[in-house]
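Trainee: Pasting in a structure now, in structure tokens, and then I'll have a few things to ask.
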Amino acid sequence: MYRLNLNKIPSGSRLLLAPSKGLASRFKKSSQELRYLATATNSESQTSRSSTQEPEGGQFTVSKSEIEHFNKLASTWWNEHGAFGLLHRMNPVRVQFIKERLLYDLSRPESGSGAGSGLDERQSDADSYDFLAGKRVLDVGCGGGIFSEVLARLGAQVLAIDAAEDSIKAARLHAQSDPLLNDLLSSPNPNLLYRHCSVESLLQPDNLNHRAQYDIVCAMEVIEHVENPAGFLTALAELTKPGGQIILSTISRTPLSKLLTITLAESNLPIVGIVPPGTHTYNKFIKPDELTEFFRGQLGWATSHERSDLEVRGCTYDPLASRWKLFPRDAFWAEWCNYFFGVKKPL
Numbered sequence: 001m002y003r004l005n006l007n008k009i010p011s012g013s014r015l016l017l018a019p020s021k022g023l024a025s026r027f028k029k030s031s032q033e034l035r036y037l038a039t040a041t042n043s044e045s046q047t048s049r050s051s052t053q054e055p056e057g058g059q060f061t062v063s064k065s066e067i068e069h070f071n072k073l074a075s076t077w078w079n080e081h082g083a084f085g086l087l088h089r090m091n092p093v094r095v096q097f098i099k100e101r102l103l104y105d106l107s108r109p110e111s112g113s114g115a116g117s118g119l120d121e122r123q124s125d126a127d128s129y130d131f132l133a134g135k136r137v138l139d140v141g142c143g144g145g146i147f148s149e150v151l152a153r154l155g156a157q158v159l160a161i162d163a164a165e166d167s168i169k170a171a172r173l174h175a176q177s178d179p180l181l182n183d184l185l186s187s188p189n190p191n192l193l194y195r196h197c198s199v200e201s202l203l204q205p206d207n208l209n210h211r212a213q214y215d216i217v218c219a220m221e222v223i224e225h226v227e228n229p230a231g232f233l234t235a236l237a238e239l240t241k242p243g244g245q246i247i248l249s250t251i252s253r254t255p256l257s258k259l260l261t262i263t264l265a266e267s268n269l270p271i272v273g274i275v276p277p278g279t280h281t282y283n284k285f286i287k288p289d290e291l292t293e294f295f296r297g298q299l300g301w302a303t304s305h306e307r308s309d310l311e312v313r314g315c316t317y318d319p320l321a322s323r324w325k326l327f328p329r330d331a332f333w334a335e336w337c338n339y340f341f342g343v344k345k346p347l
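For the record, in the sequence shown the residue sitting at position 343 is 343 according to the UniProt record's numbering, with numbers rising by one throughout.
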């Protein structure tokens with residue numbers, strides 16, 4: 001019998017960890033759904049030792065073997081035909097999902113957007129090329145900055161963090177090669193800032209200016225690589241403003257996802273073998289229902305069951321068209337492999 005265990009909290013971090021006894025009992029009954037969100041500092045993290053500098057904030061959610069894996073690939077982050085080519089091609093649907101969530105949230109009557117409230121103007125802003133202007137965005141597990149740069153170009157003030165030091169170096173180097181992005185990096189109040197640290201380090205006492213400060217917290221293709229998913233999600237929640245959004249993209253734990261993302265994608269087969277072997281670990285994949293249960297049951301979010309409060313949207317890669325596409329919201333197969341997850345923090 002598995003239970004959520006969030007006891008491994010870094011000192012000085014005030015995370016949202018204490019469900020009521022009723023909730024604890026509920027989790028015990030639904031342990032099969034939540035077992036993959038349990039703290040799992042497994043044997044490989046205990047035996048693996050990284051030769052690179054540890055990220056600021058220690059190793060609470062960080063897997064050292066994952067850091068080693070991505071540090072080895074750091075020089076290939078900006079090769080659009082290399083190991084991270086699929087992530088480059090995923091950016092359009094990432095932007096689409098975020099934009100649709102913001103637009104839908106503005107259209108809700110509960111948002112106070114009635115006649116004369118400027119709804120049309122705000123919806124137009126949300127649909128513009130710089131629809132993230134004025135928003136603070138945290139990109140957790142940013143890697144080489146593939147999505148961070150897009151967020152900055154869309155007008156956001158971006159803090160991008162990663163536990164892999166070589167990935168952060170690659171991200172800075174690439175941004176510095178672009179005049180616009182270099183200006184964003186070097187301005188007195190930078191709109192694009194890269195930092196080698198773990199997410200929990202932003203919750204340390206000397207970093208209180210980060211707590212509940214971000215309009216959008218992104219973790220794209222990250223949660224399937226962390227050691228403590230429940231603690232990781234709780235840290236993301238602490239960093240999100242009331243009314244702000246957490247946006248995740250990840251992989252469900254199904255036979256289909258194992259076939260597509262590991263057996264085929266990490267093989268040496270032509271066309272389909274496009275991901276370096278060892279990139280994914282099947283038992284780290286998390287089902288949408290497990291994320292939903294965590295936010296609703298553990299954190300008490302999204303109790304209204306409104307789409308703007310919580311949304312799951314499947315996506316798939318079309319190798320013939322070389323692009324990703326979002327599934328229709330009512331597609332029953334949409335959550336069998338890759339999916340987006342958006343949840344709004346209560347006011």
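Even for Gly, the Cβ is constructed at its ideal location relative to N, Cα and C.
Rounded to the nearest angstrom, how far is the Cβ of C315 from that of W324, given a contact under 8 Å?
Mentor: In the sequence shown, counting from the first residue as 1, residue 315 sits at position 315. In the sequence shown, counting from the first residue as 1, residue 324 sits at position 324. Confirmed, Cβ separation roughly 5 Å.
Trainee: So is D105 buried or exposed if we call it buried at 16+ other beta carbons inside 10 Å?
Mentor: What you label residue 105 is simply residue 105 of the sequence shown in a count that begins at 1. D105 should be labelled buried.
Trainee: Report, in whole angstroms, the separation of the C-beta atoms of I247 and F131, which I expect to be a contact under 8 Å.
Mentor: Sequence index remark: in the sequence shown, residue 247 carries index 247 (1-based). Sequence index remark: in the sequence shown, residue 131 carries index 131 (1-based). Contact doesn't hold; Cβ gap of about 14 Å is too wide.
Trainee: Given a threshold of 16 other Cβ atoms within 10 Å of its Cβ, counted over all protein chains shown, does R329 qualify as buried or as exposed?
Mentor: In the sequence shown, residue 329 corresponds to position 329, counting from 1. Per the 10 Å Cβ criterion, exposed.
Trainee: Could you name the residues that DSSP lists as bridge partners for E311?
Mentor: Along the sequence shown, read from residue 1 onward, the residue named residue 311 stands at position 311. G342.
Trainee: Suppose only complete runs of 4+ residues qualify. What are the alpha helix (DSSP H) ranges in the segment 175 to 241, listed by chain order?
Mentor: 179 to 186, 229 to 239
Trainee: Per DSSP, what kind of secondary structure is I161 in: helix, strand or coil?
Mentor: Here the question's residue 161 lines up with position 161 in the sequence shown. Collapsing the DSSP output to three states places I161 in a strand.
Trainee: Using the rule of at least 16 other Cβ atoms within 10 Å of the residue's Cβ for burial, across every protein chain shown, is M1 buried or exposed?
Mentor: Working through the sequence shown from its first residue, we reach residue 1 at position 1. Because M1 sits at a pLDDT of 33, beneath the cut-off of 50, its placement in the model cannot be relied upon, and the following sentence gives the value as read from the coordinates. Exposed is the call here.
Trainee: Evaluate F332 with the Cβ neighbour count: other Cβ atoms within 10 Å of its Cβ, from every protein chain shown; 16 or more gives buried, anything less gives exposed.
Mentor: For the purposes of this step, residue 332 is taken as the residue at position 332 of the sequence shown. Label assigned to F332: exposed.
Trainee: Considering only residues of the same chain and omitting the five flanking positions on each side of A175, which have a CB-CB separation below 7 Å?
Mentor: Here residue 175 refers to the residue found at position 175 when the sequence shown is read from its first residue. Result list for A175: G145, E149, L181, N182, L185, L192, in chain order.
Trainee: Need the endpoints of the alpha helix (DSSP H) that K325 sits in, please.
Mentor: By one-based count along the sequence shown, residue 325 stands at place 325. Taken as a continuous stretch (DSSP letters only), K325 belongs to no alpha helix (DSSP H), being part of the beta strand (DSSP E) at 323 to 326.
Trainee: In this structure, how does DSSP classify G297 when only helix, strand and coil are distinguished?
Mentor: Counted from its first residue, the sequence shown places residue 297 at position 297. Residue state, collapsed to three classes: helix.
Trainee: According to DSSP, simplified to helix, strand and coil, what is V137?
Mentor: Position 137 of the sequence shown holds residue 137. Three-state result, V137: strand.
Trainee: Would you list the one or two residues that DSSP bridges to T250?
Mentor: Along the sequence shown, one-based indexing puts residue 250 at 250. DSSP lists Y339 as partners of T250.
Trainee: Nearest-angstrom Cα distance between G155 and A171?
Mentor: To locate residue 155, count along the sequence shown from 1; it is residue 155. To locate residue 171, count along the sequence shown from 1; it is residue 171. One C-alpha to the other measures close to 18 Å.
Trainee: Could you tell me the boundaries of the alpha helix (DSSP H) in which D105 lies?
Mentor: Within the sequence shown, numbered from 1, the residue matching residue 105 stands at position 105. Looking at the DSSP string, the run of the alpha helix (DSSP H) that includes D105 is 85 to 107.
Trainee: Have a look at R313 and E100 and give me their C-alpha separation to the nearest angstrom.
Mentor: Within the sequence shown, numbered from 1, the residue matching residue 313 stands at position 313. Within the sequence shown, numbered from 1, the residue matching residue 100 stands at position 100. Distance between the alpha carbons of R313 and E100 is about 11 Å.
Trainee: In whole angstroms, give me the CA-to-CA distance for V199 and K241.
Mentor: Looking up residue 199 in the sequence shown gives position 199. Looking up residue 241 in the sequence shown gives position 241. Distance between the alpha carbons of V199 and K241 is about 16 Å.
Trainee: What is the DSSP secondary structure of T316, counted as helix, strand or coil?
Mentor: Position 316 of the sequence shown, counting from 1, holds the residue named residue 316. If DSSP states are grouped into helix, strand and coil, T316 belongs with the strands.
Trainee: Should G278 go down as buried or exposed, given a rule of 16 or more other Cβ atoms within 10 Å for buried?
Mentor: One-based indexing of the sequence shown puts residue 278 at position 278. By the 16-neighbour rule on beta-carbons within 10 angstroms, G278 is exposed.
Trainee: Using 10 angstroms around the beta-carbon of L310, count the other beta-carbons present and answer buried if the total reaches 16, otherwise exposed.
Mentor: The residue labelled residue 310 in the question sits at position 310 within the sequence shown. In this structure L310 is buried. Its beta-carbon is surrounded by 16 or more other beta-carbon atoms within 10 angstroms.
Trainee: When you compare the CB positions of residue 359 and A235, do they come within less than 8 Å of one another, or not?
Mentor: This structure cannot speak to residue 359, because the chain is shown only from 1 to 347.
Trainee: Rounded to the nearest angstrom, how far is the Cβ of D139 from that of C218, given a contact under 8 Å?
Mentor: If you number the sequence shown from 1, residue 139 lands on position 139. If you number the sequence shown from 1, residue 218 lands on position 218. Sure, about 5 Å apart at Cβ, within 8 Å.
Trainee: Would you tell me roughly how many angstroms separate the C-alpha atoms of Q298 and Q157, rounded to the nearest one?
Mentor: Taking the sequence shown and counting its residues from 1, one reaches residue 298 at position 298. Taking the sequence shown and counting its residues from 1, one reaches residue 157 at position 157. Between Q298 and Q157, the C-alpha separation is close to 30 Å.
Trainee: Have a look at P288, L239, T292, L103 and flag the residue whose alpha-carbon is nearest the alpha-carbon of R136.
Mentor: As a first step, residue 136 must be located in the sequence shown, where it is residue number 136. Per the Cα distances, L239.
Trainee: Between G342 and Q245, which are expected to be in contact by the criterion C-beta below 8 Å, what is the C-beta distance as a whole number of angstroms?
Mentor: The residue labelled residue 342 in the question sits at position 342 within the sequence shown. The residue labelled residue 245 in the question sits at position 245 within the sequence shown. About 6 Å; that satisfies the 8 Å criterion.
Trainee: Within this structure, are the beta carbons of A230 and F294 separated by less than 8 Å?
Mentor: Taking the first residue of the sequence shown as position 1, residue 230 is located at position 230. Taking the first residue of the sequence shown as position 1, residue 294 is located at position 294. Taking 8 Å as the Cβ cut-off, A230 and F294 qualify as a contacting pair.
Trainee: Just to confirm, is the Cβ distance from A152 to P276 under 8 Å?
Mentor: Within the sequence shown, the letter at position 152 stands for residue 152. Within the sequence shown, the letter at position 276 stands for residue 276. Not in contact: A152 and P276 (Cβ atoms no closer than 8 Å).
Trainee: Let me confirm a value: N189 is counted as buried when at least 16 other C-beta atoms fall within 10 Å, else exposed. Which label applies?
Mentor: Residue mapping note: residue 189 aligns to position 189 of the sequence shown, counting from 1. Exposed, because fewer than 16 other Cβ atoms sit within 10 Å of the Cβ of N189.
Trainee: Excluding the five sequence neighbours on either side, which residues of its own chain have a C-beta within less than 6 Å of the C-beta of S43, listed in chain order?
Mentor: Residue numbering aside, residue 43 sits at position 43 when the sequence shown is read from its first letter. Caution applies to S43, whose pLDDT of 33 falls short of 50 and renders its modelled position unreliable; the model cannot decide the point.
Trainee: Once you ignore the five residues that flank K345 on each side, which residues in its own chain have a CB closer than 6 Å to its CB?
Mentor: Your numbering for residue 345 matches position 345 in the sequence shown. So the qualifying residues of the chain are T240, P242, G244.
Trainee: Within a Cβ cutoff of 7 Å, which residues of the same chain sit near S63, ignoring the five residues on either side of it in sequence?
Mentor: For the purposes of this step, residue 63 is taken as the residue at position 63 of the sequence shown. Excluding residues within five positions, the ones whose Cβ falls inside 7 Å are S45, H225, V226, E227.
Trainee: If the criterion is Cβ atoms closer than 8 Å, does the pair L74 and S187 meet it?
Mentor: Mapped onto the sequence shown, residue 74 falls at position 74. Mapped onto the sequence shown, residue 187 falls at position 187. Residue identity differs from the one stated: residue 74 is Ala in this sequence, not Leu. For A74 and S187, no; Cβs fall outside 8 Å.
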